[in-house]
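Enquirer: Would you mind keeping the following structure in view while I ask a few things?
Residue numbers (full-length UniProt numbering): 1 to 596.
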């Protein structure tokens, strides 16, 4: 049973590509993809944990600020000496100032420097005998209309509250409330309720710079909102959201697409019950680190692929290029070109194969040369034997008797003043002498043209005015060598088969010249022409490889040219019935016995 997938049919270069894809490219890509997924998830989790920790840190630091202020308020709330100073009625300002300087100023100055988050401490009360300055404020009806006072509830409540109100140092200017606000801890000072005659309210104002510093944590990288128990925004790092005097519900703030939300709630307490911190961070901010890891993974994968690809290409080229060279030279050996591979000696298997191929090629060339030499010697002996037989036959015919007889007839014609007959006999003698001369295989174009002129004059004597001919030999072609009697059969065909059957006769035009490195023989007649099948028959002579045998005429010429020139000559024949025949032969130029 045949294999469904046979690697032996795949080229070596493609096999190397398969190995590269399956063993290098895909593992590197898949490994880096998995590494990127895991790294991205870890980076994302780490970034979200960092944001959550930053919010927790804000929560702790803000609560610590509030706790400090609440602790200070508890000290003032339970201070009996302070309560007595505030409850006392003074006859004159000097008495109050003496009491203020003796105790209140000291405790007021002792807390403000220690707690750096405290901006201002002020006690509002309705005791008219006190001077309302230096941390003492009058609890007037206007103050009681303020929101922070109303949030205290009835007079029996004394728990501390976190409120946001205009800053004490910038409260009223020209009757209008300033837009700058601060967080404050407010509570009623009614710890000694049995001895209280006046209503007293403590207000400890926090420094907003400290609050801004807490919420400006760079690890968040987004917008931070501080919400009270009712979901109203008390503070936001986005200045466009917070509007003093106009509470903004957090639910009314649009959440942009691609934004992550983080929440952290404060521990349950009397003054931060339900408060929470909300952070909004863009996904781009969260995934910025992820993108950095992605770029790192891509660069790492690119470097790995580039390095591995370069090494594999380098090694595979060392294999495929040299094997391709061996294959190319093997094909040349098949076409009888015994060239060795010019390559330096290498010690790997391909180098050994190259060396063995070169030795085999040289041995094959040597063996073939030996066989060719023996074959050539055998054929030379055969040709010498045939020449000997032909010479013996010629000696029996005694051609000198034939030439002497023709010369006698020619002389008798001259004596009788039959010059035309004498000329024809002379031309015939030339043709016989040329055809019987076997020791000369090649003649010049001028010599061949002389034979052709002799033949045409004989045909002219035969046809009379029915035959007109023109022979044109270019000067640069006259000395070129050609095989003997290679053009004459085409002249004979033009006269015998083309012109003979015409009642009015015809014309034969013959031209011989050079075109570059080729000698071109062209003959054209206006005879009866040939059928298409006969034209194809001549063209088939060019395609067949047969022995010469006893063939004569045009077929003989074509086979002789193929034996001498191989595929280096051109033969073209065009003919149509009633429109004559045109033949063109191009052979390599030979001058002085050598091809140019």
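All residues carry an ideal CB built from backbone N, CA and C; glycine is no exception.
Does DSSP put residue 144 in a helix, a strand or coil?
Expert: In the chain shown, counting from the first residue as 1, residue 144 sits at position 144. Looking at residue 144 - three-state DSSP - the assignment turns out to be helix.
Enquirer: What is the DSSP secondary structure of residue 400, reduced to helix, strand or coil?
Expert: Within the chain shown, residue 400 is the residue found at index 400, counting from 1. Note that residue 400 scores 46 on pLDDT, short of 50, meaning its location in the model is unreliable; the coordinates nonetheless yield the value given after this. Correct three-state label for residue 400: helix.
Enquirer: Between the alpha carbons of residue 231 and residue 275, how many angstroms are there, rounded?
Expert: Reading the chain shown from its first residue, position 231 is the one you call residue 231. Reading the chain shown from its first residue, position 275 is the one you call residue 275. Their backbone Cα atoms lie some 8 angstroms apart in a straight line.
Enquirer: Quick check on residue 120: does DSSP put it in helix, strand or coil?
Expert: Taking the chain shown and counting its residues from 1, one reaches residue 120 at position 120. Note: residue 120 maps to strand in three-state DSSP.
Enquirer: Roughly how many whole angstroms lie between the Cα atoms of residue 581 and residue 528?
Expert: By 1-based counting over the chain shown, the position of residue 581 is 581. By 1-based counting over the chain shown, the position of residue 528 is 528. Their Cα atoms are separated by approximately 8 angstroms.
Enquirer: Please return the same chain residues whose Cβ sits closer than 6 angstroms to the Cβ of residue 235, not counting the five positions on each side in sequence.
Expert: Within the chain shown, numbered from 1, the residue matching residue 235 stands at position 235. Excluding positions up to five away in sequence, the list reads 226.
Enquirer: Once you ignore the five residues that flank residue 228 on each side, which residues in its own chain have a CB closer than 6 angstroms to its CB?
Expert: Position 228 of the chain shown, counting from 1, holds the residue named residue 228. Hits under 6 angstroms: 234 and 275.
Enquirer: For my contact list, residue 129 and residue 90 are in at a C-beta cut-off of 8 angstroms; report their separation, rounded to the angstrom.
Expert: Along the chain shown, one-based indexing puts residue 129 at 129. Along the chain shown, one-based indexing puts residue 90 at 90. Contact flag correct, Cβ pair sits at about 4 angstroms.
Enquirer: Secondary structure at residue 361, three-state DSSP: helix, strand or coil?
Expert: Translated into the one-based positions of the chain shown, residue 361 becomes position 361. Reduced to three states, the DSSP call for residue 361 is helix.
Enquirer: Looking at the secondary structure, which residues open and close the beta strand (DSSP E) in which residue 507 lies?
Expert: Along the chain shown, read from residue 1 onward, the residue named residue 507 stands at position 507. That run of the beta strand (DSSP E) goes 506-515.
Enquirer: What residue from 493, 445, 564 and 211 has the CA that sits closest to residue 573's CA?
Expert: One-based indexing of the chain shown puts residue 573 at position 573. Comparing Cα-Cα distances from residue 573 to each of 493, 445, 564 and 211, the minimum goes to 493.
Enquirer: Do you know how far the Cα of residue 33 is from the Cα of residue 315?
Expert: Along the chain shown, read from residue 1 onward, the residue named residue 315 stands at position 315. Along the chain shown, read from residue 1 onward, the residue named residue 33 stands at position 33. Whole-angstrom Cα-Cα distance: 27 angstroms.
Enquirer: Just to confirm, is the Cβ distance from residue 137 to residue 124 under 7 angstroms?
Expert: Mapped onto the chain shown, residue 137 falls at position 137. Mapped onto the chain shown, residue 124 falls at position 124. For residue 137 and residue 124, yes; Cβs fall inside 7 angstroms.
Enquirer: Judging by CA-CA distance, which residue of 496, 513 and 167 is the nearest neighbour of residue 482?
Expert: Stepping through the chain shown from its first residue, residue 482 is reached at position 482. Residue 482 has its Cα closest to that of 513, out of 496, 513 and 167.
Enquirer: Are there 16 or more other CB atoms within 10 angstroms of the CB of residue 258, so buried, or fewer, so exposed?
Expert: Here residue 258 refers to the residue found at position 258 when the chain shown is read from its first residue. With fewer than 16 other Cβ atoms within 10 Å, it is exposed.
Enquirer: CA-CA distance, residue 212 and residue 106?
Expert: Numbered from its first residue, the chain shown carries residue 212 at position 212. Numbered from its first residue, the chain shown carries residue 106 at position 106. Looking at the two C-alpha atoms, the distance is approximately 30 angstroms.
Enquirer: From the DSSP secondary-structure annotation, give me the bridge partner or partners of residue 467.
Expert: Indexing the chain shown from 1 puts residue 467 at position 467. Note: residue 467 sits in a beta bridge opposite 506.
Enquirer: In the structure shown, what three-state DSSP assignment does residue 203 receive?
Expert: What you label residue 203 is simply residue 203 of the chain shown in a count that begins at 1. Strand, per DSSP.
Enquirer: Going along the chain, which residues of its own chain have a beta-carbon closer than 6 angstroms to the beta-carbon of residue 521, five neighbours each way excluded?
Expert: Numbered from its first residue, the chain shown carries residue 521 at position 521. Excluding sequence neighbours, residue 521 sits near 487, 512 and 585.
Enquirer: Could you name each continuous beta strand (DSSP E) segment of 3 residues or more that falls completely within the region 245-295, going from the start of the chain to the end?
Expert: Whole beta strand (DSSP E) segments, 3+ residues: 259-265 and 276-282.
Enquirer: Using the Cβ count rule (16 or more neighbours within 10 Å means buried), how would you classify residue 578?
Expert: Here the question's residue 578 lines up with position 578 in the chain shown. Result: exposed.
Enquirer: With the cut-off set at 7 angstroms, would you say residue 224 and residue 240 are in Cβ contact?
Expert: Residue numbering aside, residue 224 sits at position 224 when the chain shown is read from its first letter. Residue numbering aside, residue 240 sits at position 240 when the chain shown is read from its first letter. The answer is no: Cβ separation not under 7 angstroms.
Enquirer: Taking the alpha-carbon of residue 334 as reference, which of 310, 324, 58 and 361 has the nearest alpha-carbon?
Expert: Translated into positions along the chain shown, residue 334 becomes position 334. Ranking the options by Cα distance to residue 334, first place goes to 361.
Enquirer: Going by DSSP in three states, residue 101 sits in which element: helix, strand or coil?
Expert: Working through the chain shown from its first residue, we reach residue 101 at position 101. Three-state DSSP puts residue 101 in a helix.
Enquirer: If we ignore side chains and look at the alpha-carbon of each, how far apart do residue 457 and residue 446 end up?
Expert: Working through the chain shown from its first residue, we reach residue 457 at position 457. Working through the chain shown from its first residue, we reach residue 446 at position 446. Distance between the alpha carbons of residue 457 and residue 446 is about 16 angstroms.
Enquirer: Using 10 angstroms around the beta-carbon of residue 459, count the other beta-carbons present and answer buried if the total reaches 16, otherwise exposed.
Expert: In the chain shown, counting from the first residue as 1, residue 459 sits at position 459. Buried.
Enquirer: Could you check which residue in 485, 182, 49 and 311 has the C-alpha nearest to that of residue 119?
Expert: Residue numbering aside, residue 119 sits at position 119 when the chain shown is read from its first letter. For the residues 485, 182, 49 and 311, the minimum Cα distance to residue 119 belongs to 182.
Enquirer: Using CA atoms only, rank isn't needed, just tell me which of 534, 283, 503 and 295 is closest to residue 45.
Expert: For the purposes of this step, residue 45 is taken as the residue at position 45 of the chain shown. When each option's Cα is compared against that of residue 45, the closest is 283.
Enquirer: At what residues does the beta strand (DSSP E) containing residue 89 begin and finish?
Expert: In the chain shown, counting from the first residue as 1, residue 89 sits at position 89. Where residue 89 is concerned, there is no enclosing beta strand (DSSP E), given that its DSSP letter is neither H nor E.
Enquirer: Determine, using beta-carbon pairs with one atom in the region 24-39 and one in the region 302-309, whether at least three such pairs fall under 8 angstroms.
Expert: Taking 8 angstroms as the limit for Cβ pairs, the verdict is that the region 302-309 does touch the region 24-39.
Enquirer: For residue 518, which three-state DSSP category applies?
Expert: Position 518 of the chain shown, counted from the start, is the residue given in the question as residue 518. DSSP places residue 518 in strand when its eight states are reduced to three.
Enquirer: So is residue 166 buried or exposed if we call it buried at 16+ other beta carbons inside 10 Å?
Expert: For the purposes of this step, residue 166 is identified with residue 166 of the chain shown, where counting begins at 1. With 16 or more Cβ atoms within 10 Å of its Cβ, residue 166 is classed as buried.
Enquirer: DSSP three-state label for residue 336, please.
Expert: By one-based count along the chain shown, residue 336 stands at place 336. If DSSP states are grouped into helix, strand and coil, residue 336 belongs with coil.
Enquirer: DSSP has residue 183 in a bridge; who is on the other side?
Expert: Mapped onto the chain shown, residue 183 falls at position 183. Bridge partners of residue 183: 164.
Enquirer: Looking only at DSSP bridge pairs, what is residue 137 linked to?
Expert: Reading the chain shown from its first residue, position 137 is the one you call residue 137. According to DSSP, residue 137 bridges with 124.
Enquirer: Does the count of Cβ pairs from the region 68-75 and the region 190-205 closer than 8 angstroms reach three?
Expert: Cβ pair count under 8 angstroms is three or more, so yes.
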